[in-house]
Structures are given as C-alpha cells and as structure tokens.
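Have a look at the structure below, then the notes.
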Amino acid sequence: MSIAVVEVNRQAVIHNVEYLKKMAPNSQLVAIIKANAYSHGSEEIAQLLHDKVNYFGVSRFIEAMQLRNNGINTPILALEGFFPHDDLDYFIDFNIQPAIHSKWQIDMLQTSLREDQITTWFKLDTGMHRLGFCPDEAKAEFYRLASCSVVCKPINIMSHFSSADDLTSKQTLKQIELFDQFIDSIDDKSLIGKCSIAASGGILAWPEAQRDVVRQGIALYGVSPFDEPIAELQPAMTFKSELIAVRKHKKGESVGYGQIWCSQQDTLLGVVAMGYGDGYPRNIPENTPVLINGRKVPIVGRVSMDMIVVDLGINSLEKPGDEVIFWGSELPVEEIAKHTGISAYELITRLTSRAKIHYIDKLNYD
1 MSIAVVEVNR QAVIHNVEYL KKMAPNSQLV AIIKANAYSH GSEEIAQLLH DKVNYFGVSR
61 FIEAMQLRNN GINTPILALE GFFPHDDLDY FIDFNIQPAI HSKWQIDMLQ TSLREDQITT
121 WFKLDTGMHR LGFCPDEAKA EFYRLASCSV VCKPINIMSH FSSADDLTSK QTLKQIELFD
181 QFIDSIDDKS LIGKCSIAAS GGILAWPEAQ RDVVRQGIAL YGVSPFDEPI AELQPAMTFK
241 SELIAVRKHK KGESVGYGQI WCSQQDTLLG VVAMGYGDGY PRNIPENTPV LINGRKVPIV
301 GRVSMDMIVV DLGINSLEKP GDEVIFWGSE LPVEEIAKHT GISAYELITR LTSRAKIHYI
361 DKLNYD
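Quick note on numbering: the UniProt record's numbering labels position 98 of the sequence shown as 98, and the sequence is numbered without any gaps.
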C-alpha cells in the first residue's frame, strides 16, 4: 500500500450532496466529477451518486467515456463541449451532452447527417469571457443552433460566474441580469430548455442564481468555494502519510536542498514520506502546518520530490509510523490554502497517481 494516501470518506460526500440539495431545493443537480472528481476518484464517486443526482459534469470527452465504460448511464454534461477533431457520433451514441460555446461547433452540427438527436447546452458568456457566445451575437447563434436537425429541442442554456466567491462583488448580479435578459429575448419560449448558471458559490451564497439546474463542484467534496470553511460541509478528503524517521537536530544546522532553513535551537525533526511527486506543493512558505497526533507542527526546509521535513520540537514523543495529515477534517485545506497562497481547488486537484485513493465509510462524521 502507498504511504501517501488520499483517504476519501464516501459518507461525507453523500452528506454534502444532501446539504446542497437543501440549499437548492427546486433545482436539479449536476455533480461535477472532472479532474478525477477533484482527485477523489471519478468512477467511485459516480457509482456512489448515480441515483442521487440528475447529471454528471466533466470537462472532456475522455472523462465522459471513462464513466460510460464503467457502466454509468446517468446523463453527462461535457463542459468544454466537443473539440474540432472529436467524433460527434460518439456524443450522440453515448448520451454525452456538450456545451455549445463557439460558432464552429454549430457549423459541425449543421453538417451532421445523423437521424438521432443530441442534447446540447448553449453557453452564454455573461462575464467570464472564457467560453460562450457574447450577448450581442448570442440570439442569432441560438436560433442557428435550434435550426440544426440533429439538435434536440428544447435547448438547455448555461453560463458561469467569474466572481461568485466574492460576496461583495457586483459582477455576479450583473451576470444574472444578462442571463435573464438573454432568456427573455428568445421569442419562441418552446425552444428554451433547462437553465443553469449557479455552481458551488452560487448555490451557497446567491440563491437568486438558482435556476432549473445547479452544478455542485468543489462543495460536493466538502471544500468551501470561499476563503473560509463552511461548517455544514464535511471534508471528504484526508491527504496523509506517515513519519519514516525522527532525527536529532542541532542549533544552527540546516536541512534539505538549498539550506533555506536553519534551526534556532536543538530540536527533533521528523521526515515524512510525502513530496511534490505526490502532489504536495514544492514552493510553500516556512511554517506551513501538518497535523501529527492531534497537534500542528511546521514544515521546515524545502519540499523535495519524495520527502518533507517537519520540526517536531525537542520534547516530541513522535515515532516512525505515526500518521501525518496534510489536510482533512481537522486541518482544513482552506487553511493550507491561506498559508501557501495556492487555492484549495489547485491543492486538491494537483495530487498525483502515486498517492493512492483509499475509501472509507465513516458514519456520524464530525
């Protein structure tokens, strides 16, 4: 078994789904499981939630096919749509619903000779300015999409917030207004299917953004889309390893590559089997904490590929084999994000395949 472990509590994921349902009681749910379900294991999470959500959301076709090949029949929304060299027939055959965000995609759909139809999500750019049709061209392109014989009607409509995590920003309200204006501008309302603009931040902080469908992303895994943890969410992931050595260390001695840290006093150092080869960030600030036997101790020196050194203190009783938690329910990843300046999104999705996933079912999760 790998020493570096991503421990995932399935019961925490279920709890979070139920909590988010309560926060958006009138909306259908998309469980976002792109990037290997934010490093929680997309196939396992899909099996866990297939009867608890209405859709799964992925980024790309290959992620969708991994689910289909593992027997997941739930509708899948492909957030980046299809790419220029993708075979559109596969999207139709496997009920993968693409986001339509560019004119060239509509051109491809217009030339399709398939008799079977494809369900699509027309993407409106309300302010993210990444993918989607700008408001001044959107109406014409929506009707062009609707004219495609291969496209199922009605057509779903979606957008994405750029600043939902900023509760003081006026941008979110402006985006909601643009979204509603576009929907109002469509004269033939029978062409309008389900509408979706809210993701995790929108579900939790902008109830006025909840439409027919909401998209549960990082909150599904118990991580806040904001700077601070949310008490009602239960972190599903514990990223951990163990001590493999405890060493006496003298005042003035350095440790690790580059000699960037020297001890100010005699101490005991612990060596942990964890490094950037497992996905832990290399360039982290001094004193970023880990949790050992219920107490926080600081990381010292440079993170290497396979090992991290922590200052246990001269009176430490820790020993090789003791568990070391890098984040989890007792040390929220949001706290590590503050220390490192790296978002919680990036911290949890950068984990490598060397850190093996282990699933537990812990009831009465605290």
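C-beta atoms are modelled at their ideal positions from N, C-alpha and C, and glycine is treated no differently. For clarity, every value in this text was computed on a predicted model and none was experimentally measured.
Where ARG215 is concerned, the enclosing beta strand (DSSP E) starts and stops at 213-216. Taking one beta carbon from each stretch, the region 197-211 and the region 163-175 have 3 or more pairs nearer than 8 Å; the two touch. The beta carbon of TYR90 lies closer than 8 Å to those of PHE61, MET65 and ILE96 in the same chain, with the five residues before and after it left out. Using a Cβ distance threshold of 8 Å, GLU7 and LYS34 do not count as a contacting pair. ILE3 has its alpha-carbon roughly 21 Å from the corresponding atom of ILE336. Under the three-state reduction of DSSP, GLN28 is assigned to strand. Under the three-state reduction of DSSP output, THR172 falls in the helix class. In terms of CA proximity to HIS15, PRO235 leads the group PRO98, PRO207, GLN110 and PRO235.
Taking each of MET23, GLY57 and LYS189 in turn and checking the Cα distance to ALA146, the smallest one comes out for LYS189.
Under the three-state reduction of DSSP, PHE82 is assigned to coil, being neither helix nor strand. DSSP lists LYS248 as the beta-bridge partner residues of LEU268. Here the alpha carbon of ILE45 sits roughly 12 Å from the alpha carbon of ILE357. Residues of the same chain with a CB within less than 7 Å of the CB of ILE100, apart from the 5 flanking positions on each side, are GLY81, ILE106, THR120, TRP121, PHE122, LYS123 and LEU145 in chain order.
Judged by DSSP secondary structure, PHE142 falls within the alpha helix (DSSP H) whose first and last residues are 135-146. In this structure, GLY328 places its C-beta atom within 8 Å of the C-beta atom of MET237. For SER254, the beta-bridge partners assigned by DSSP are CYS262. In the same chain as LYS251, and ignoring 5 residues on each side of it, the C-beta atoms closer than 6 Å to its own belong to SER263, GLN265 and ASP266, in chain order. Between PHE182 and ALA209 a beta carbon distance of about 14 Å is seen, past the 8 Å cut, so the two are scored as non-contacting. For TYR19, the three-state secondary structure derived from DSSP is helix.
When DSSP states are grouped into helix, strand and coil, PRO225 belongs to the coil group.
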